[in-house]
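Engineer: Could you have a look at this structure, given as structure tokens, before my questions?
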Amino acid sequence: MSTLKAVRGTRDLLPPETELWNFVEETARRVFARYNFGEIRTPVFEDTQLFARGVGEETDIVSKEMYTWEDRARAQSEKAQSLTLRPENTAGVVRAYIEHKLGETGLLQKLYYIGPQFRRERPQKGRYRQFYQIGAEVIGPPSAGSESPLRDAEVLEMLATLLDELGITGWHLEINSVGSAMDRPRYVAALREALGPVKHLMCEDNQRRAETNPLRVLDSKDPGDQEIIDKLPKIADFLDESSKAHFAAVCAALNACGVPYTVNPRLVRGLDYYTRTTFEFTHGGLGAQNALLGGGRYDGLSEIIGGPKAPGIGFAMGEDRLILTLEAQAAARTNLADAYVAPMGEGLNPAALKLARELRRAGLRVELGDGGFRLKKSFEMGNKLARKIVLFGEDEQQSGILTVKDFASGEQVKVPRADIVPVLRK
Ligand code: AMP
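Numbering (our numbering), first residue to last: 19 to 444.
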């Protein structure tokens, strides 16, 4: 008899890796609690209609990737029902918000979830058919301030804090505005017009998208089509005054609290329900599947699935990808030397060799640079080879106070030569 294995695209999580999963989930719960979010748990399967209407029939998720089945009637009084394993959790949260009349509290609902999602995608590193998302939603009646750009900025600031507390370094935030439900049809019409004469030059997928859902063309990573895509109209030119002001206010609040971001005019994301702000946090270490998390505003979603007006904003982070990033960072750290000694000027080379000798004899793993390198080059080399860099210039030689910079935290300290070994060992 052949042995049975976990189904393609699914996997077992075993100790000790599960410790890392628990660390990520505990950190997320702790950070969300500080922002006064509460946990919601919705069912793993829902009525297929919820996703068809909420996520959008034309999206890849609904048209190709859902696990859907006919649930047989068990009694004459019951009807057969089409059910679907949830491919994402926002639609379920908004359904629960409507079903439990949470809007009647008149307050903003701040809800987070942690759990498995299911999509029949082609499995590869960082892409699975059962994967885990940690997400949160801020939703409520407009009178509770649910449309305010401050909510968008607060969610983004919370995410930057969470990634920092998880110890994820080198993340990158991209934001954009896809406009209101009023702006979008004008933009889509302009896209269709611009795509008309060129779409036959594009790949098969994009030819289809140009017909069914032209916004999706902007998501395309097909290298042959990039030149055409770069020349397409930009959504920023189609935003009305209120959408423009909303986006400017989000950016201003991010600037005020020092969260770094770039505006990516092509960021439209794969789900239909987004309005105004959309965003993605990426990480270079993830390869092709580089999105750590994505989200945005969905001001019309509640009405699409039959509820009251309830604007909202939320995100979903791929827990599997967070774990991959943390594992890669840990592996990279163990391959690094403790310190890179950077002499600043060739005349200092002999004295720097003496410093390196002392550090090595104290048991540290040390790379020695070269005084012939410019400072910028020393930093680049040091960053590839070691966790910390020790700057060794004339001043340092005379004063005996060395400058040490930690690459991961960016922290720079001055340390007397006699005390440097424990600092570098940390
Ligand atoms: P989405 O719901 O498509 O906006 O995705 C949000 C986040 O979930 C992405 O940024 C990924 O980190 C993660 N994600 C989406 N699909 C998968 C998948 N098939 N496998 C692993 N992670 C995924």
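Each residue gets a CB set at the ideal place from its N, CA and C atoms; glycine is no exception.
What do you get for G124, buried or exposed, if any count of 16 or more other CB atoms within 10 angstroms of its CB means buried?
Structural biologist: For this step, residue 124 is matched to residue 106 along the sequence shown. Exposed, since its Cβ has fewer than 16 Cβ neighbours within 10 Å.
Engineer: Spell out the partners DSSP gives K128 in its beta bridges.
Structural biologist: In the sequence shown, counting from the first residue as 1, residue 128 sits at position 110. K128 is bridged to V156.
Engineer: Once you ignore the five residues that flank V286 on each side, which residues in its own chain have a CB closer than 8 Å to its CB?
Structural biologist: In the sequence shown, counting from the first residue as 1, residue 286 sits at position 268. These residues qualify, in order along the chain: N194, V196, L233, R234, L236, D237, I253, Y292, T296.
Engineer: By how many angstroms is the C-alpha of G400 removed from the C-alpha of S20?
Structural biologist: As a working note, residue 20 is residue 2 in the sequence shown. As a working note, residue 400 is residue 382 in the sequence shown. The alpha-carbon atoms of S20 and G400 are separated by roughly 52 Å.
Engineer: Is the beta carbon of P241 closer than 7 Å to that of A212?
Structural biologist: By one-based count along the sequence shown, residue 212 stands at place 194. By one-based count along the sequence shown, residue 241 stands at place 223. No, they are not a contact pair.
Engineer: May I ask you to verify whether the region 358 to 365 touches the region 384 to 395, counting CB pairs closer than 8 Å and requiring at least 3?
Structural biologist: With the cut-off at 8 Å, the region 358 to 365 and the region 384 to 395 touch.
Engineer: Starting from M19 and walking both ways along the alpha helix (DSSP H), at which residues does that stretch end?
Structural biologist: Translated into the one-based positions of the sequence shown, residue 19 becomes position 1. It is not in any alpha helix (DSSP H) - M19 carries neither H nor E in the DSSP assignment.
Engineer: Between which residues of its own chain and T108 is the CB-CB distance below 6 Å, once the five residues before and five after are set aside?
Structural biologist: Taking the first residue of the sequence shown as 1, we reach residue 108 at position 90. Closer than 6 Å at the Cβ level, and outside the excluded window around T108, lie G332.
Engineer: Whole angstroms are fine: how far does the CA of L371 sit from the CA of A357?
Structural biologist: To locate residue 357, count along the sequence shown from 1; it is residue 339. To locate residue 371, count along the sequence shown from 1; it is residue 353. In a straight line, the C-alpha of A357 is about 13 Å away from that of L371.
Engineer: Our contact map puts E298 next to E192 with C-beta atoms below 8 Å; I'd like the distance itself, whole angstroms only.
Structural biologist: As a position in the sequence shown, residue 298 is number 280, starting the count at 1. As a position in the sequence shown, residue 192 is number 174, starting the count at 1. That belief holds up - the Cβ atoms of E298 and E192 are roughly 5 Å apart, short of 8 Å.
Engineer: So is S396 buried or exposed if we call it buried at 16+ other beta carbons inside 10 Å?
Structural biologist: In the sequence shown, the residue the question calls residue 396 occupies position 378. S396 is buried by the Cβ-count criterion.
Engineer: Pop quiz: E385 and A355 are said to be a contact at Cβ under 8 Å. What is the actual Cβ separation, rounded to whole angstroms?
Structural biologist: Walking along the sequence shown from the start, residue 385 turns up at place 367. Walking along the sequence shown from the start, residue 355 turns up at place 337. Sure, about 5 Å apart at Cβ, within 8 Å.
Engineer: May I ask whether a heavy atom of the ligand AMP can be found less than 6 Å away from the beta carbon of Y292?
Structural biologist: To locate residue 292, count along the sequence shown from 1; it is residue 274. No, the Cβ of Y292 stays beyond 6 Å of every heavy atom of the ligand AMP.
Engineer: From which residue to which residue does the beta strand (DSSP E) around M176 run?
Structural biologist: Residue 176 sits at position 158 when you count from the first residue of the sequence shown. Per DSSP, M176 belongs to no beta strand (DSSP E); it is in the alpha helix (DSSP H), 167 to 184.
Engineer: Where does the unbroken beta strand (DSSP E) through G313 begin, and where does it stop?
Structural biologist: Your numbering for residue 313 matches position 295 in the sequence shown. That run of the beta strand (DSSP E) goes 309 to 315.
Engineer: Figure out for me which residue from V25, Y130, R383 has the closest Cα to the Cα of G110.
Structural biologist: To locate residue 110, count along the sequence shown from 1; it is residue 92. It is Y130 whose Cα lies nearest to the Cα of G110.
Engineer: Contact check, G476 vs D338 under 8 Å by CB: the rounded distance?
Structural biologist: Outside the modelled stretch of the chain, which goes from 19 to 444, sits residue 476, for which no answer is possible.
Engineer: Rounded to whole angstroms, what's the CA-CA distance from L289 to L68? Just pull it up for me.
Structural biologist: Within the sequence shown, numbered from 1, the residue matching residue 289 stands at position 271. Within the sequence shown, numbered from 1, the residue matching residue 68 stands at position 50. For L289 and L68, the distance between alpha carbons rounds to 14 Å.
Engineer: Between the alpha carbons of S261 and R202, how many angstroms are there, rounded?
Structural biologist: As a working mapping, residue 261 is identified with position 243 in the sequence shown. As a working mapping, residue 202 is identified with position 184 in the sequence shown. Going by the C-alpha atoms only, they are around 11 Å apart.
Engineer: Could you have a look at D89 and say whether DSSP puts it in helix, strand or coil?
Structural biologist: As a position in the sequence shown, residue 89 is number 71, starting the count at 1. Here D89 sits in strand by DSSP.
Engineer: Alpha carbon to alpha carbon, how far is R48 from E57? Give it in angstroms, no decimals.
Structural biologist: Sequence index remark: in the sequence shown, residue 57 carries index 39 (1-based). Sequence index remark: in the sequence shown, residue 48 carries index 30 (1-based). Each residue's Cα considered, the two are about 11 Å apart.
Engineer: For T66, which residues from the same chain have a beta carbon less than 7 Å from its beta carbon, with the 5 sequence-adjacent residues on both sides left out?
Structural biologist: As a working note, residue 66 is residue 48 in the sequence shown. Closer than 7 Å at Cβ, skipping near neighbours: T86, S100, L101, T102.
Engineer: State the CB to CB distance for the pair G188 and G302, rounded to an integer number of angstroms; the pair is presumed to be in contact (CB under 8 Å).
Structural biologist: Here residue 188 refers to the residue found at position 170 when the sequence shown is read from its first residue. Here residue 302 refers to the residue found at position 284 when the sequence shown is read from its first residue. Going by Cβ atoms, the distance from G188 to G302 rounds to 6 Å, so yes, they are a contact pair.
Engineer: Let me know the alpha helix (DSSP H) ranges lying completely inside the region 263 to 288, each 4 residues or longer, listed in chain order.
Structural biologist: Segments of the alpha helix (DSSP H) lying fully in the region 263 to 288: there are none.
Engineer: Is any heavy atom of the ligand AMP found at a distance shorter than 6 Å from the C-beta of R145?
Structural biologist: Taking the first residue of the sequence shown as position 1, residue 145 is located at position 127. Checking every heavy atom of the ligand AMP against the Cβ of R145, one is found closer than 6 Å.
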